[in-house]
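Participant:
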Amino acid sequence: MNKDTIRQKELNNMMKYREGWELSYKYSKILMNHITNDNRYEISLTIYSQFMNELKNKKLNTDKTYVQIWETMINTIRKGKSSPYRSMCILHQTSQQRIN
Numbered sequence: 019m020n021k022d023t024i025r026q027k028e029l030n031n032m033m034k035y036r037e038g039w040e041l042s043y044k045y046s047k048i049l050m051n052h053i054t055n056d057n058r059y060e061i062s063l064t065i066y067s068q069f070m071n072e073l074k075n076k077k078l079n080t081d082k083t084y085v086q087i088w089e090t091m092i093n094t095i096r097k098g099k100s101s102p103y104r105s106m107c108i109l110h111q112t113s114q115q116r117i118n
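Under my numbering, residues 19 to 118 are what the sequence shown spells out, in order.
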């Protein structure tokens, strides 16, 4: 491979990674609209499923950190180890920081 091909491939990978974070931010904003709902776990699962479906439909990588933080948030809420508000806010804040 020549330099231009490698450079273009890496640029495409970077653009896809950024798009993954933008989707994470999009869905975390939706999640934040439901933060006071009593069914946070069920709503979180639904929004997470929508997020994952859009990633797959856009053929974006699903083994990146933008998926890992969603899984961490879901597991934290499910196990009840800390405040669901906090884990949702951390997800939203991280997603927002990655796109800026």
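Here a beta-carbon is modelled for each residue, glycine too, at the ideal position from N, C-alpha and C.
Please classify S101: does DSSP put it in a helix, a strand, or coil?
Facilitator: Correct three-state label for S101: coil.
Participant: Rounded to a whole number of angstroms, what is the C-alpha to C-alpha distance between D56 and I92?
Facilitator: Rounded to the nearest angstrom, the two C-alpha atoms are 15 Å apart.
Participant: What is the DSSP secondary structure of H52, reduced to helix, strand or coil?
Facilitator: Looking at H52 - three-state DSSP - the assignment turns out to be coil, as it is neither helix nor strand.
Participant: Would a C-beta distance cut-off of 9 Å place L73 and T80 closer than the cut-off?
Facilitator: Closer than 9 Å, so yes.
Participant: Tell me the rounded alpha-carbon separation between L29 and K82.
Facilitator: Each residue's alpha carbon lies about 17 Å from the other.
Participant: Pick out whichever of P102, M106, R58 and E37 has its Cα sitting closest to the Cα of N118.
Facilitator: The candidate whose alpha carbon is nearest that of N118 is E37.
Participant: Taking 8 Å as the limit between beta carbons, can you name the residues of its chain near I24, skipping five residues before and five after?
Facilitator: Closer than 8 Å at the Cβ level, and outside the excluded window around I24, lies no residue.
Participant: Buried or exposed for Y103, please, with buried defined as at least 16 other CB atoms from any protein chain shown within 10 angstroms of its CB.
Facilitator: Counting Cβ neighbours within 10 Å, Y103 comes out exposed, since fewer than 16 surround it.
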